[in-house]
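Visitor:
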Amino acid sequence: MACDIAFAEVKMGSIHEPTTGRAAPAPPPRIGVLALQGSFALHAAALRRLGIEAVEVRRAPALEGLDGLIIPGGESSTMLKFLLEEDLFDPLIAFHRDGGAFYGTCAGAILLARTVENPAQESLGLLDVEIQRNGYGRQLESHVGACSCSALGEPDLSLVMIRGPVISSAGPGVEVLAKWRGAPAFVREGRVLATTFHPELTDDTRIHAYFLEVATEARQATGATLGGTNSR
Ligand code: GLN
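Per my numbering, the very first residue in the sequence shown carries number 11; after that it's consecutive.
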């Protein structure tokens, strides 16, 4: 039996990596955290626990070379104002068009949405959902819930809700990965993820790890369309 395993390793090694006998691991994705306002430092800390040093993005040139960007929770109207002031609105849309992945938390989900209500507000329109700001109530109604998420397995996700938005409708291309009080709370549309809650306020890094997988896939897809190089 030991001989068979050794033989298999030699065979695999000879196919993939003749000199060392080991396939080179895929390089980790390069991730940025939009650092204009809100809980960007906590997202960077969650990524650090996964071995990723995130780039803090305050200006458009910092997007260069990234595979994915996290838009944190905070106050979406303030973040939107800063996005416009720093001329980051169009570069973020271009980053998505060029194959970059996104993960928006709470206010970040609001900024990614196609349509924002309560009140209406301009948004990037990169995620086909309609979203109601403060849809779970005001600060006093902020709460912690729990729900299952088959994409992430056991245990249940802890849902820290802080003036969270409610996703009131989602287009056909949007996968609902978790729900809270009947509404989608964790969604994915291709390389765009959003949660209406705050995993960065818990010790659970599974959603961040999931985003790293999405960003890695996005990079591989971009590399394939660009003929094996990633020019972002
Ligand atoms: N209610 C905030 C907004 O409308 C979002 C709150 C949050 O990100 N925790 O932008």
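A virtual CB, placed ideally from N, CA and C, is assigned to each residue, including glycine.
What you are looking at is a predicted structure, and each value in this text was computed from that prediction instead of being measured.
1. Assuming Arg173 and Asn144 make a contact with CB atoms under 8 Å, what is their CB distance in whole Å?
2. Does DSSP classify Gly163 as helix, strand or coil?
3. Is the segment 64 to 73 in contact with the segment 97 to 112, if contact means three or more CB pairs nearer than 8 Å?
4. Roughly how many angstroms separate the alpha carbons of Leu150 and Met171, rounded to a whole number?
5. Can you check which of these residues, Arg216, Glu185, Gly83, is closest to Pro175 by C-alpha distance?
6. Can you tell me whether DSSP reads Gln142 as helix, strand or coil?
7. Please go through the same chain and pick out, in chain order, the residues whose beta-carbon is closer than 6 Å to the beta-carbon of Ser179, but skip the five residues on each side of it.
8. Around ligand 1, what residues have a beta-carbon under 7 Å from a heavy atom of it, in chain order?
9. Measure the beta-carbon distance from Cys116 to His208 and round it to whole angstroms, keeping in mind my assumption that it falls under 8 Å.
10. Tell me whether the segment 209 to 220 and the segment 36 to 56 touch, counting them as touching only if at least three CB pairs, one residue from each stretch, are closer than 8 Å.
11. Would you tell me roughly how many angstroms separate the C-alpha atoms of Phe50 and Leu134, rounded to the nearest one?
12. Flag this pair as yes or no: are the beta carbons of Leu2 and Glu185 separated by less than 7 Å?
13. Quick check on the burial criterion: 16 or more other C-beta atoms within 10 angstroms. Buried or exposed for Arg229?
14. How is the alpha helix (DSSP H) around Gly118 delimited, first residue to last?
15. Consult DSSP for Ala188 and reduce its assignment to one of helix, strand or coil.
16. For Gly147, does the count of other Cβ atoms within 10 angstroms reach 16, so buried, or fall short, so exposed?
17. Using a Cβ-Cβ distance under 7 Å, would Pro35 count as near chain B?
18. Only counting the same chain, and skipping five residues up and downstream in sequence, which positions put a Cβ closer than 6 Å to that of Pro194?
19. Under three-state DSSP, which class holds Ser252?
20. Does the Cβ of Thr232 have 16 or more other Cβ atoms within 10 Å, making it buried, or fewer, making it exposed?
Guide: According to the structure shown:
1. 5 Å
2. coil
3. yes
4. 11 Å
5. Gly83
6. strand
7. Glu140
8. Gly48, Gly83, Gly84, Glu85, Ser86, Ser87, Thr115, Cys116, Ala117, Ile120, Arg143, Asn144, Ile172, Arg173, Gly174, Pro175, His208
9. 6 Å
10. yes
11. 19 Å
12. With the chain covering 11 to 242 only, the question about residue 2 has no answer from this structure.
13. buried
14. 117 to 122
15. strand
16. exposed
17. Of the protein chains in the structure, only one exists, and it is not chain B.
18. Ile177, Ala180, Val186
19. Lying outside 11 to 242, the shown extent of the chain, residue 252 is not represented and no answer is given.
20. buried
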